[in-house]
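Counting in UniProt numbering, the sequence shown runs from 1 upward without gaps.
The structure under discussion appears below in the form of structure tokens.
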Amino acid sequence: MRNLEEPNVDNIAYMIEEIKSKLRMASGAAMQATNFSLQKYEDLRDVYEIVASKDKFSISEVEAIVSELGQLREK
Numbered sequence: 001m002r003n004l005e006e007p008n009v010d011n012i013a014y015m016i017e018e019i020k021s022k023l024r025m026a027s028g029a030a031m032q033a034t035n036f037s038l039q040k041y042e043d044l045r046d047v048y049e050i051v052a053s054k055d056k057f058s059i060s061e062v063e064a065i066v067s068e069l070g071q072l073r074e075k
């Protein structure tokens, strides 16, 4: 298992790719790791841990996760 304790760009990229894969995001290209700041690392990690802990998601859960990721993106 990857060590996500250290906030760094590689870990952000890893978490974003895992979230996109797990949610089977059709518009995954819109969500790039470079859009997320290290300042939001802990919040992103919280979202990642929620996504990693589940096998299936309802439509409303996916919408909530995508909305949260949108809030974490740099403007």
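Note that beta-carbon positions come from the ideal geometry of N, C-alpha and C, so glycine has one too.
Neighbour-count burial assignment, residue i, 16 or more Cβ in a 10 Å radius
| i | result |
| --- | --- |
| Leu38 | exposed |
| Ile59 | exposed |
Supposed contact pair residue j and residue i - C-beta distance, whole angstroms, cut 8 Å
| i | j | result |
| --- | --- | --- |
| Asp43 | Leu23 | The Cβ separation is near 17 Å, so there is no contact. |
| Glu74 | Asn35 | 6 Å |
| Met31 | Lys40 | Incorrect: roughly 13 Å between the Cβ atoms, too far for contact. |
Span of the alpha helix (DSSP H) around residue i
| i | result |
| --- | --- |
| Glu18 | 9-23 |
| Ser67 | 59-72 |
| Glu49 | 41-53 |
**Message:** Does the stretch 36-52 come into contact with the stretch 13-27, if we say contact requires no fewer than three beta-carbon pairs (one atom in each stretch) closer than 8 Å?
**Reply:** Contact between the stretch 36-52 and the stretch 13-27 is present, because at least three Cβ pairs lie under 8 Å.
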